[in-house]
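Participant: I have a structure I would like to understand better, so I am pasting it below and will then ask my questions one at a time.
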Amino acid sequence: GQQLNQSPQSMFIQEGEDVSMNCTSSSIFNTWLWYKQDPGEGPVLLIALYKAGELTSNGRLTAQFGITRKDSFLNISASIPSDVGIYFCAGLTAGAQKLVFGQGTRLTINP
Amino acid sequence: GAGVSQSPSNKVTEKGKDVELRCDPISGHTALYWYRQSLGQGLEFLIYFQGNSAPDKSGLPSDRFSAERTGGSVSTLTIQRTQQEDSAVYLCASGGRVGQPQHFGDGTRLSIL
């Protein structure tokens, strides 16, 4: 089945650093979503992207829908302790009704 | 509340027992999804309901797993004769029209002793 390759699997950074993670696929997607999951909670939607080339920001978060429609990245600027968690990308192909999820990026921040 | 609600939040049961997990989606959302998440892992799709259409059961791992959605709203995921490998967090999500983002509940943490 379709798969999203999300990298890196984990990141250990210092507070204040910028973070970048990405997802790639061999399939073309029409929608890219980025979620964050805190311990003991469900994933929360951060950013939704619907057009190739689209660049969208949400506070310190910026995500882009790759021009090839096969990738997306998420950047976090000036990381803070509450950014700790697992970040998931998810995509939807044309005509499909189920999201495909990446395996997640676990972000750890050293104060 | 306005979000997806799941109950119970935690369930501990003995191997071999049946369990029922409940999901109340966001009002008006026609799509409902169940996922399973093992410790530290990604999301494993289980089943998908969209309106009155037949559900997509392609992700159910065995015939011990079943789900229903009554009246196009509340859904129940049932696991019969539970096994230890069923221990995981079971997440429910709902969505509006196809292509719109899914919104998740906080899950039910299931532990099989």
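Protein sequences, first through last, are from chains Z and W.
Read in order, the letters of the first sequence correspond to residues 2 to 112 in the numbering used here.
Read in order, the letters of the second sequence correspond to residues 4 to 116 in the numbering used here.
From the three backbone atoms N, C-alpha and C, an ideal C-beta is built for every residue, glycine too.
Note that this is a predicted model, so its numbers are computed, not measured.
What would DSSP say about Gln-7 (chain Z), mapped onto helix, strand or coil?
Facilitator: DSSP places Gln-7 (chain Z) in strand when its eight states are reduced to three.
Participant: Which residues in the same chain have their Cβ closer than 6 Å to the Cβ of Lys-60 (chain W), if we skip the five residues on either side of it in sequence?
Facilitator: Contacts found: Ile-50.
Participant: Run the CB neighbour count on Ala-70 (chain W), radius 10 Å, all protein chains shown included, and call it buried at 16 or more, exposed below.
Facilitator: Buried, because 16 or more other Cβ atoms sit within 10 Å of the Cβ of Ala-70 (chain W).
Participant: What are the residues of the region 91 to 114 of chain W that lie near chain Z, defined by any Cβ-Cβ distance shorter than 7 Å?
Facilitator: Per Cβ criterion, the list reads Leu-94, Val-101, Gly-102, Pro-104, Gln-105, His-106, Phe-107, Gly-108, Asp-109, Gly-110.
Participant: What residues in the region 29 to 54 of chain W bring their beta carbon closer than 7 Å to a beta carbon of chain Z?
Facilitator: Here the close residues are Gly-45, Leu-46, Phe-48, Tyr-51, Gln-53.
Participant: Flag this pair as touching only if the region 96 to 105 of chain W and the region 27 to 34 of chain W have three or more C-beta atom pairs under 8 Å; answer yes or no.
Facilitator: Touching, yes, given that three or more Cβ pairs across the two stretches are closer than 8 Å.
Participant: Is there a Cβ from chain W that is less than 8 Å from the Cβ of Glu-42 (chain Z)?
Facilitator: Yes, Glu-42 (chain Z) lies at the interface with chain W (some Cβ there is under 8 Å from its Cβ).
Participant: For the region 7 to 70 of chain W, list the beta strand (DSSP E) runs that are entirely contained and at least 3 residues long, ordered along the chain.
Facilitator: As far as the region 7 to 70 of chain W is concerned, its whole beta strand (DSSP E) runs of at least 3 residues are 8 to 10, 13 to 16, 22 to 27, 34 to 40, 47 to 53.
Participant: For Leu-1 (chain W) and Thr-16 (chain W), I'd like the C-alpha separation in whole angstroms.
Facilitator: Residue 1 (chain W) lies beyond the range of chain W shown here (4 to 116); nothing can be said about it.
Participant: Tell me which residues share the same chain as Ile-87 (chain Z) and place their Cβ nearer than 6 Å to its Cβ, disregarding the 5 neighbours each side in the sequence.
Facilitator: Within the same chain, Ile-87 (chain Z) has close Cβ partners Gln-38, Gly-105, Arg-107.
Participant: Assign Gly-98 (chain W) to one of three DSSP states: helix, strand, or coil.
Facilitator: Strand.
Participant: Kindly indicate if chain W contains any beta-carbon less than 8 Å away from that of Phe-89 (chain Z).
Facilitator: Closer than 8 Å to some Cβ of chain W, the Cβ of Phe-89 (chain Z) qualifies, so yes.
Participant: Beta-carbon separation of Ser-80 (chain Z) and Ile-14 (chain Z) under 8 Å?
Facilitator: Closer than 8 Å, so yes.
Participant: Which of the three DSSP states, helix, strand or coil, is assigned to Gln-87 (chain W)?
Facilitator: Helix at Gln-87 (chain W).
Participant: With 8 Å as the C-beta to C-beta threshold (strictly closer), list the residues of the region 54 to 73 of chain W near chain Z in chain order.
Facilitator: So the close ones are Asp-59.
Participant: Please state the DSSP three-state secondary structure of Thr-81 (chain W).
Facilitator: Strand.
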